[in-house]
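To start, the structure under review is shown below, and the notes come after it.
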Amino acid sequence: MVLQFLNSVLQRTSARSRNNYRLDLSSLMQILEDNEIIASNIVRKISALKTTPERHKTYSSKTQEEIFSYLETKDPLLRLYILFISYNFLRPIEVNRLKVKDINIKEKYLQFKAKNKPFKKKSIPDILLNELPDLSNLNPDDYLFTPKKIGVVWESSEQNKRDYFSKRFKSVVKDHFDLGIDYGLYSFRHYFISKSYNELEKKYAPFEAKSRLMRITGHASMTALEKYLRDIDAELAEDYSELLKTT
Numbered sequence: 001m002v003l004q005f006l007n008s009v010l011q012r013t014s015a016r017s018r019n020n021y022r023l024d025l026s027s028l029m030q031i032l033e034d035n036e037i038i039a040s041n042i043v044r045k046i047s048a049l050k051t052t053p054e055r056h057k058t059y060s061s062k063t064q065e066e067i068f069s070y071l072e073t074k075d076p077l078l079r080l081y082i083l084f085i086s087y088n089f090l091r092p093i094e095v096n097r098l099k100v101k102d103i104n105i106k107e108k109y110l111q112f113k114a115k116n117k118p119f120k121k122k123s124i125p126d127i128l129l130n131e132l133p134d135l136s137n138l139n140p141d142d143y144l145f146t147p148k149k150i151g152v153v154w155e156s157s158e159q160n161k162r163d164y165f166s167k168r169f170k171s172v173v174k175d176h177f178d179l180g181i182d183y184g185l186y187s188f189r190h191y192f193i194s195k196s197y198n199e200l201e202k203k204y205a206p207f208e209a210k211s212r213l214m215r216i217t218g219h220a221s222m223t224a225l226e227k228y229l230r231d232i233d234a235e236l237a238e239d240y241s242e243l244l245k246t247t
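Oh and the sequence shown: position 134 is 134 in the UniProt record's numbering, straight run, nothing missing.
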């Protein structure tokens, strides 16, 4: 029965999502086994599927501007969600974890559980602060982003929240703009990090530009940042026509 459910998840989504559901179910079953409610954790015997790392393409500036303009009236809440990915360089799952109390308007920073550490603080740029609604009367312990509005109760797992906003983005944006499977929420992060690096490179030498960018993106090391920039093709070669000319 469990295997049938996981297979149905695989058919609807991807091997990665199927593995995530398997992990959640295994954790639950292990608690039941530890408390002697069931004889054994049968999910533990189900193998994880091999997955290929996702590689989202970077949007063109024209497409990015069109999407933001479209969402202003079509889905302002989704637009604000995307702005946290775009302007604060957060991963979608990190945006999902944000609570009202994690946003410090006065001191211009937010805090969240990150990929590489349990607790992280990042500055909020004015361009994002200016987009935020008044949060002062909201319950500090409520999640910032929910399906219907900012700062209300939303009892759901991290996986379900991630799936919800991914599906919402697909139905509202991807289907409307006829975007392929290679484009997603991560594409905004790639675009704006590339844009920021290219702007910094106009003013500073490459190492200095990357050092300044690392403070903004929150990468744990220069090596990690350089690998990320290579992966998203943020560094393009200057015109090399002179090298190709015959003498």
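C-beta atoms are modelled at their ideal positions from N, C-alpha and C, and glycine is treated no differently.
For Phe89, no beta strand (DSSP E) encloses it, and the DSSP letter there is neither H nor E. Contact holds between the stretch 68 to 85 and the stretch 165 to 184, because three or more Cβ pairs, one in each stretch, are under 8 Å apart. Excluding sequence positions up to five before and after Phe68, its CB lies within less than 7 Å of the CB of Arg79, all in the same chain and listed in chain order. Annotation for Ile67: the continuous alpha helix (DSSP H) segment containing it runs 61 to 74. Residue environment: Ser241 is assigned as exposed (fewer than 16 neighbouring CB atoms within 10 Å of its CB, all protein chains considered).
By DSSP's assignment, Leu110 forms a beta bridge with Ile103, Lys122. Where Val2 is concerned, the enclosing alpha helix (DSSP H) starts and stops at 2 to 12. For the 9 Å CB-CB criterion, Val43 and Arg22 form a contact. Its Cα nearest to that of Glu226, the residue Ala209 stands out among Ala209, Asp239, Arg168. Taking a 10 Å sphere around the C-beta of Asn130, we find fewer than 16 other C-beta atoms and assign the residue as exposed.
Ile232 carries a coil assignment under DSSP once its states are collapsed to helix, strand and coil. Assigned with DSSP and collapsed to three states, Val152 falls in strand. In this structure, Ser194 places its C-beta atom within 9 Å of the C-beta atom of Ala234. By the Cβ criterion, the stretch 139 to 149 is in contact with the stretch 92 to 99, since at least three pairs of Cβ atoms, one from each stretch, lie closer than 8 Å. In the three-state DSSP reduction, Leu144 falls in the strand class (E or B).
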